[in-house]
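Let me begin by presenting the structure, written as structure tokens, before commenting on it.
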Amino acid sequence: MRIRNTGRTLALLLLFFVTVLLVAPFLGREAIRFSDIFGTEGTTRFFIFWTLRVPRLVLGLLAGASLALAGLTFQTLFRNPLATPFTLGVSSGAAFGVAAAVLLGLEGYLLGLEVTPVFALAGAGLVVYILYRLARTGVGLSTLHLLLAGVALSYFFSSLLLFAQYMADFTQTFRMVHWLMGRLETIGYGPALMILPAFIFGVLILAANRRELDLLLTGEEIARSRGVPVDRLRKNLYLVASLLTATTVAACGPIGFVGLVVPHIVRLLLGVTHGRLIVGCVLLGGPFLVACDAIARNVVPETELPVGIVTALLGGPFFLWLLVKRQKGEA
Amino acid sequence: MNQATRTDQPKRMANTAVLKVDNLSCVRSGQTLLDRVSLEIGRKEFTGLIGPNGAGKSTLLKHIAGVLPVERGKIMFGDRDRSQMDPREAARHVAYVPQTREPDIPFTVREVIAQARYPYLSSWRKESDYDRRRVGEAMETVGVSDLSGRRFGTLSGGEQQKVMIASALAQDARLLLLDEPTTFLDPPFQDEIFRVLAELRRERHLAILVVTHDLNRVFVSADRVIAIRAGQIVIEGPPGELATEKALEEVFGARFQLTPHPDSGMPMVVPGEPARYEGEDA
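Order-wise, the sequence lines are chains A and B.
Heads up: the first sequence begins at 486 in our numbering, then just goes up one per residue.
Heads up: the second sequence begins at 4 in our numbering, then just goes up one per residue.
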């Protein structure tokens with residue numbers, strides 16, 4: 486049944502992808518007509534479309550796909566369906582970095598670089614590095630230590646963030662909280678370009694290791710006996726998923742739920758082998774986030790909601806519906 | 004590359020051992036699990052590995068299978084040293100059916116078996132027709148073709164075990180290691196598993212090394228029995244030599260009651276009357 490429907494499901498995913506791609510940039514407070522995008526350069530609508538909307542679309546596609554892939558990788562690495570890109574505290578580290586930047590008054594641009602993402606990336610990188618050192622064994626990484634130490638670090642940096650918020654004044658606190666909600670606002674392609682290399686690298690590494698990921702899920706002993714270098718694989722997976730998470734969080738803030746729910750939706754739609762899951766996460770993760778963002782921008786008049794609120798509000802019920810439907814179908 | 008290994012193996016293997024373990028030792032957190040173990044497994048040989056709990060049987064198997072790294076001693080496949088081989092290359096020589104499985108393997112039967120082609124596939128290549136054929140043949144040989152599309156987790160314990168054996172078979176190795184393959188299975192499935200193993204040896208010419216507590220089964224099926232205790236091989240020989248009260252007491256440190264098999268006359272272990280152990284009059 487699953488095999489018979491694969492072609493149709495893939496076609497539907499592609500259709501969703503293309504639809505979102507074509508529709509999302511036209512939606513927003515300023516309605517854009519098709520003729521505007523080929524209009525004269527310098528008009529407001531031309532500027533909105535090409536400098537705000539399209540870069541935002543590209544950022545959303547890259548961020549959604551990266552979060553979905555990171556979530557998928559952590560779920561397989563830990564054999565835990567509840568793992569998300571943020572389970573190990575990468576986002577807490579990034580948030581602390583941002584809070585530090587806000588407290589130090591280091592916002593805006595420094596030496597031509599936007600400061601906030603750099604601090605976010607540094608905070609995330611710090612967590613990734615500490616965890617790597619803590620979980621390292623003689624030959625590989627202990628996933629148990631990784632998970633436990635990651636959760637502990639996550640709480641630690643969350644507390645540091647609370648401390649920073651307590652010490653900050655009202656506007657500083659607002660900026661920290663606003664960052665925490667996650668958003669895709671962008672002027673130009675800067676943030677998207679920050680994610681792009683990590684995304685390409687991540688997709689290639691994961692696709693090249695799709696069979697190893699399958700075997701890891703079948704069992705560590707079996708994987709080793711079939712010739713999978715499990716220790717090296719775990720290290721690489723941890724680093725790749727962390728890289729995907731860190732760059733995305735630095736560019737967009739911690740947008741929740743995409744990384745948890747998209748891999749599960751893809752599993753229900755396409756099956757569980759990682760070759761399919763990776764394709765599905767790229768095809769669905771991006772458009773899912775962009776669609777949520779389009780809704781977030783348009784649902785409340787005269788304001789734009791942070792996209793992080795919509796991902797969970799929309800994705801949660803949809804996921805539950807799919808889960809219940811699937812359960813009834815298999816019973 | 005695959006073709007080459009497969010074609011030159013039969014003639015080289017004419018009389019050499021498929022597996023040679025040389026002075027293998029294993030010490031974990033101060034405890035000696037294996038103490039200078041040496042053994043050889045010949046082509047087409049069916050070997051039973053017996054011994055009390057904690058003797059090191061599974062540890063030995065895991066070293067041969069590449070699940071545990073060899074730290075002291077040597078493991079040779081033919082004339083090649085395992086530690087000099089790429090893990091994938093080693094996996095073309097030996098396949099392994101572990102004692103326990105993850106409870107939540109999400110794949111279908113066919114997917115699990117197809118994963119065993121991993122040692123022959125590179126990152127960017129798809130499974131070839133040859134790979135698919137080997138998977139189909141493995142399913143047929145073990146008799147799990149009907150289960151092909153079923154989700155592994157929905158199978159019974161016996162069916163799961165057969166699928167794991169089929170996947171080991173699809174790995175195309177000369178040596179098959181099995182760790183207590185019949186534990187948790189009902190008697191007909193136990194028969195079935197050993198029937199399949201005997202067939203694999205006879206028709207596929209596989210060497211088989213099986214860890215089991217089912218002594219009678221070993222005495223009936225195996226060409227050779229290796230008994231291990233406290234990390235050392237204590238007795239090694241044809242079943243007849245092990246199937247004695249004296250030998251078994253040496254291995255397990257307990258007394259056994261034996262009685263001849265009605266067909267072959269091979270001594271079989273029978274459970275004693277409970278009264279015997281309670282000190283009552285029989």
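All C-beta atoms, glycine included, are put in the ideal place defined by N, C-alpha and C.
Item, Value
"Would you verify that the beta carbon of A816 (chain A) is, or is not, closer than 7 Å to some beta carbon of chain B?", "Interpretation of A816 (chain A) is limited by its pLDDT of 41, a score under 50 that renders its predicted location unreliable; no figure is taken from the coordinates."
"So with Cβ pairs under 7 Å, would you call F804 (chain A) a contact of chain B?", "no"
"Please say whether G673 (chain A) and C737 (chain A) have beta carbons closer to each other than 7 Å?", "no"
"Is there at least one Cβ from chain A nearer than 7 Å to S61 (chain B)'s Cβ?", "no"
"DSSP state of E592 (chain A), grouped into three classes?", "coil"
"Rank A:A726, A:G744, A:M652 and A:R719 by C-alpha distance to the C-alpha of V688 (chain A) and give the top, closest one.", "A:A726"
"Once the 5 residues before and after A555 (chain A) are set aside, which same chain residues still bring their CB inside 7 Å of it?", "P570, A726, L729, T730 and G744"
"Contact criterion: CB-CB distance below 7 Å. Does V30 (chain B) meet it with respect to chain A?", "no"
"Can a CB atom of chain A be found closer than 7 Å to the CB of L22 (chain B)?", "no"
"For R198 (chain B), which of helix, strand or coil comes out of DSSP?", "helix"
"Please name the residues in the segment 490 to 501 of chain A whose beta-carbon is closer than 9 Å to at least one beta-carbon of chain B, in chain order.", "none"
"Shorter than 7 Å from the beta carbon of E105 (chain B) to some beta carbon of chain A?", "yes"
"Quick check: the segment 616 to 635 of chain A against the segment 648 to 662 of chain A, are at least 3 beta-carbon pairs closer than 8 Å?", "no"
"Any contact of the segment 145 to 159 of chain B with the segment 29 to 39 of chain B, i.e. 3+ C-beta pairs under 8 Å?", "no"
"With DSSP as the reference, identify every bridge partner of K77 (chain B), one or two as the case may be.", "B:D25"
"Return no unless some Cβ of chain A is closer than 7 Å to the Cβ of V112 (chain B).", "no"
"So, does the CB of V767 (chain A) fall closer than 7 Å to a CB anywhere in chain B?", "no"
"Give the range of the beta strand (DSSP E) segment to which Y99 (chain B) is assigned.", "V97 to V100"
"Could you check which residue in B:G57, B:S61 and B:V73 has the C-alpha nearest to that of L27 (chain B)?", "B:V73"
"Would T703 (chain A) be called buried (16 or more neighbouring beta carbons within 10 Å of its own) or exposed?", "buried"
"Distance cutoff 7 Å, beta carbons only. Does G69 (chain B) sit that close to anything in chain A?", "yes"
"Under the three-state reduction of DSSP, which class applies to K813 (chain A): helix, strand or coil?", "helix"
"For E206 (chain B) and A58 (chain B), I'd like the C-alpha separation in whole angstroms.", "32 Å"
"Give the residues of chain B in contact with G556 (chain A), contact being defined as C-beta atoms less than 7 Å apart.", "The contacting residues do not exist; G556 (chain A) stays about 16 Å from chain B at best."
"Determine the chain B residues that contact G704 (chain A) at a beta-carbon separation under 8 Å, and present them in chain order.", "P101, R104, E105 and I108"
"Quick one: does S126 (chain B) have its CB under 7 Å from some CB of chain A?", "yes"
"Determine whether the Cβ of A693 (chain A) lies closer than 7 Å to any Cβ atom of chain B.", "yes"
"Should Q118 (chain B) be flagged as near chain A, meaning a C-beta pair shorter than 7 Å?", "yes"
"With H, G and I counted as helix, E and B as strand and the rest as coil, what does DSSP make of G256 (chain B)?", "coil"
"Does the beta-carbon of W664 (chain A) have 16 or more other beta-carbons within 10 angstroms, so that it is buried, or is it exposed?", "buried"
"Would you say V24 (chain B) and V40 (chain B) are within 7 Å of each other, going by their C-beta atoms?", "yes"
"Are the Cβ atoms of T215 (chain B) and E253 (chain B) separated by less than 7 Å?", "no"
"When you compare only the Cα positions, how much space is there between F803 (chain A) and T103 (chain B)?", "36 Å"
"Find out if the Cβ-Cβ distance for the pair L512 (chain A), A693 (chain A) is shorter than 7 Å.", "no"
"Quick check on the DSSP output: what are the complete alpha helix (DSSP H) runs of length 4 or more inside the segment 488 to 554 of chain A, in order along the chain?", "529 to 532"
"Can you list, in chain order, the residues of its chain whose CB lies under 7 Å from that of D11 (chain B), leaving out five sequence neighbours each side?", "Here the model assigns D11 (chain B) a pLDDT of 43, short of 50, so the residue's position is not dependable, and the following value carries that caveat. Correct list: empty, nothing qualifies."
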